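Peer 1: Mind having a look at this structure? Questions to follow.
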Amino acid sequence: MMGLKTSGKILQLKKTLIGLCPRIKPGVFQLLRAIQDIPGLTVRVVDYNGRVPFLSQLNSTHNSDIFIGMHGAGLTHLLFLPDWAAIMELYNCEDRGCYKDLARLRGVKYFTWSTAKEHLVYPEDAGRHPTNGTPHKKFTNYRFDPAEFKRQVNLAHHVSDPPDLTQLGKHGSVPDLQLLT
Numbered sequence: 001m002m003g004l005k006t007s008g009k010i011l012q013l014k015k016t017l018i019g020l021c022p023r024i025k026p027g028v029f030q031l032l033r034a035i036q037d038i039p040g041l042t043v044r045v046v047d048y049n050g051r052v053p054f055l056s057q058l059n060s061t062h063n064s065d066i067f068i069g070m071h072g073a074g075l076t077h078l079l080f081l082p083d084w085a086a087i088m089e090l091y092n093c094e095d096r097g098c099y100k101d102l103a104r105l106r107g108v109k110y111f112t113w114s115t116a117k118e119h120l121v122y123p124e125d126a127g128r129h130p131t132n133g134t135p136h137k138k139f140t141n142y143r144f145d146p147a148e149f150k151r152q153v154n155l156a157h158h159v160s161d162p163p164d165l166t167q168l169g170k171h172g173s174v175p176d177l178q179l180l181t
């Protein structure tokens with residue numbers, strides 16, 4: 001675990017990977033095994049579904065340095081990442097600009113599976129749009145090459161050296177989040 005010394009205190013930092021989309025569940029444990037030996041990486045897998053309270057989702061996202069997931073609405077949580085964080089869209093399902101633009105607007109680093117490495121993305125089938133039945137890459141499960149996944153996770157190395165946390169507030173808590181009704 002890394003630490004920053006600030007006025008006698010050590011603030012513990014960790015690289016955290018979160019995010020699990022149902023479309024990658026078939027191979028998620030293989031991916032986790034591939035990155036388990038990366039120094040300083042703490043892995044937390046979450047599935048943001050209706051059973052997880054929204055404030056818990058925000059807290060989990062805000063306390064993450066690397067947020068990884070499939071193309072889909074769950075990636076909008078990147079809006080709640082800390083300033084130094086990175087978002088890794090595992091596969092953009094041929095919608096290349098969507099979350100890249102959102103990450104740019106939020107000011108966090110963005111990574112996605114390289115087009116040159118798409119042969120290492122393994123769709124379960126062609127995927128079918130649920131309404132009209134046409135083939136669509138957003139509607140299938142995926143597996144990913146573990147070695148390439150590890151290489152891409154390592155692209156987010158900048159989060160191991162975040163800015164001075166004394167200027168940003170304490171990493172690790174979101175005490176002021178409330179839902180206004």
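Reminder that position 21 of the sequence shown reads as 21 in full-length UniProt numbering, one-by-one numbering, no gaps.
C-beta: ideal position from N, C-alpha, C; glycine also.
On a predicted model such as this, the values are computed, not experimentally measured, just so you know.
1. List, from N- to C-terminal side, the beta strand (DSSP E) runs of 3 residues or more that fit wholly inside the stretch 87-161.
2. Using only CA atoms, which one of Gly127, Val45, Leu120, Leu79 lies nearest to Arg143?
3. Counting Cβ pairs closer than 8 Å, one from the stretch 73-89 and one from the stretch 99-117, do we hit at least three?
4. I need the boundaries of the alpha helix (DSSP H) containing Val28, first residue and last residue.
5. Any idea which residues DSSP pairs Gly69 with across the strands?
6. To the nearest angstrom, how far is the alpha carbon of Gly97 from that of Lys138?
7. Please state whether DSSP places Gly74 in a helix, a strand or coil.
Peer 2: With the given structure in hand:
1. 109-112, 121-123, 142-144
2. Leu120
3. yes
4. 28-35
5. Glu89
6. 14 Å
7. helix
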